Amino acid sequence: MISVPTTAGTGSEVTAGSGVFNPDTGIKGWAGDPILRPSVAICDPVLNASMPPNVTADTGADALSQAMECYLVNRFKPTADTLAIKAIEVIGKYLPKAFANGQDIDARSAMLWSATTVGVAFGNGGLIHNHTYSEVLGDVTHLPHGRLLGIMLPFILDFNFVGCQEKLADIARALGENVDGISTRHAAEKGVAAVRRLMADIEIDDKLSDRGVTEEQIQTVAERVWAQHGPRSALSPRGFRTFDDVMGLLRQAY
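Number 915 in the numbering used here belongs to position 185 of the sequence shown; there are no gaps in the numbering.
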């Protein structure tokens, strides 16, 4: 199989997983098998140049979230971490440029490199809570996956803050923040703030309610996330202990 990505976000051109949508239930599931991993990925930035800004933002937020989630996974994975933190740095620099000018081939190239690199990283290192939320929210609301990741990401970082301050400080550095001579906690706070600014730069600074998500849907999402959070919660710096943890994050993003 040869993959030719026309967006810069999912990293699916180098992963062994595939989304599977059941039209009868409206639920999107996942299939994973080595046979699904492409033998060759042809990453041509010219094929990305026609993406409209909103799709550039959504797919770029997907790449960023995957990189950050992978980096925050709480196990020893030096190769995945090295790839993920570099991708965060490149995305921070070039995603706003690609969003502002889709014909900027350097920016498109950088984002394609990042998306593919992140695919390798999280394919080996895993992901944390944010993808659980986005997958369930997408099933229930049918909003774009990357948009939901971008909306939820700052709140996920806030929730996990206590368990990953050193890594959030690394993220601050990768996003160009000057953290010399300040405490790890302060540097970590600057990292989360930098993520919020980056999302604002690509116009993903809205809330779930701004996107038409209802109170009833929030309840449904919370129940489903709580029912299936286990595997990614175990990989997270701070796992969910109660249903209120799950609902609290949704309320903040709502």
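Even for Gly, the Cβ is constructed at its ideal location relative to N, Cα and C. Since the model is a prediction, treat every value here as computed from it, not as a measurement.
Nearest in C-alpha terms to L825, of all of R838, L813, A814, is R838. Counting along the chain, the unbroken beta strand (DSSP E) around N752 starts and ends at 747-752. Of all C-beta pairs linking the stretch 939-949 to the stretch 771-784, fewer than three are shorter than 8 angstroms, placing the two stretches out of contact.
Shown here, I757 sits in a strand according to DSSP, grouped into three states. Look at G762 here: in three-state DSSP terms it is strand.
Cβ neighbours of I772 within its own chain (closer than 6 angstroms, five residues either side excluded): V734. Going by C-alpha positions, F970 is about 22 angstroms away from W760. Cβ-Cβ distances below 8 angstroms link S769 to M731, I732 in the same chain, with the five nearest sequence neighbours on each side left out; the list follows chain order. Here Q982 has F885 as same chain residues with Cβ atoms under 7 angstroms from its own Cβ, once five neighbours each way along the sequence are excluded.
Our two residues, A738 and M841, have alpha carbons roughly 6 angstroms apart in a direct line. The beta carbon of P764 sits closer than 7 angstroms to those of A746, all from its chain and outside the five residues before and after it, given in chain order.
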